[in-house]
Amino acid sequence: MRVSVNRQAAQDDARLVVFELGNFFLGQHRVLAEALGLKPVPALIVLTVAISTVQKYMRQSAPDPAFRSAVPLPDALSGGISRRAIARATGLPTETVRRCVEELVGLRRLEILSAQMVRTPPGSISMISQAQIEAMLTGLARQTETLVRAGVLELSATRRPASERAPAVADRRSSGS
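In this note's numbering, each residue carries its 1-based index in the sequence shown increased by 22.
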């Protein structure tokens, strides 16, 4: 199955596209902030750190399947991120990031790896319940269905030739992108 964007339909239905994408983002952000028990800015910082924490594992060419579930990653498979990199990734001022990170460490939502690096504590994924994950997936499915019905997203059973496709997840991991 392949999903592609019909650029002309996206342009013709720009208001619908922006509405659906914005609605999707806000819905996902609300569920995540609620799951973490945080306000929007700290939730954005925790999400940014969480992505960087699992990035080392996700980019392996052959990730250990034992860690595909919510099992905590061992230290050797998890990474971290600097406060400066969090500021760049989120667009937040460095001082805001520094204050929020300090607060989040106190709340045990983040932990300090070194003077420069932070990460989410092992097992952090368990803060998001199965019901919350299903709510986010349902939102994704709903927005996708709306954009497919509008002709903005197109589904096809055939795949593009390998030379025209984006690399598969395993391929992206090995390429280091």
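Note that the Cβ used here is the ideal one computed from N, Cα and C, for glycine as well.
Residue state for ILE103 is assigned as strand, using DSSP reduced to three classes. Three or more Cβ pairs closer than 8 Å define a contact, and the stretch 69 to 76 meets that threshold against the stretch 139 to 150.
GLU133 is bridged by DSSP to ARG141. Within 10 angstroms of the beta-carbon of LEU43 lie fewer than 16 other beta-carbons, which makes it exposed. Assigned with DSSP and collapsed to three states, VAL174 falls in coil, not helix or strand.
Burial check for GLN165: the Cβ neighbour count within 10 Å reaches 16 or more, so the residue is buried.
In this model, LEU99 and LYS78 are separated by some 6 Å (Cα to Cα).
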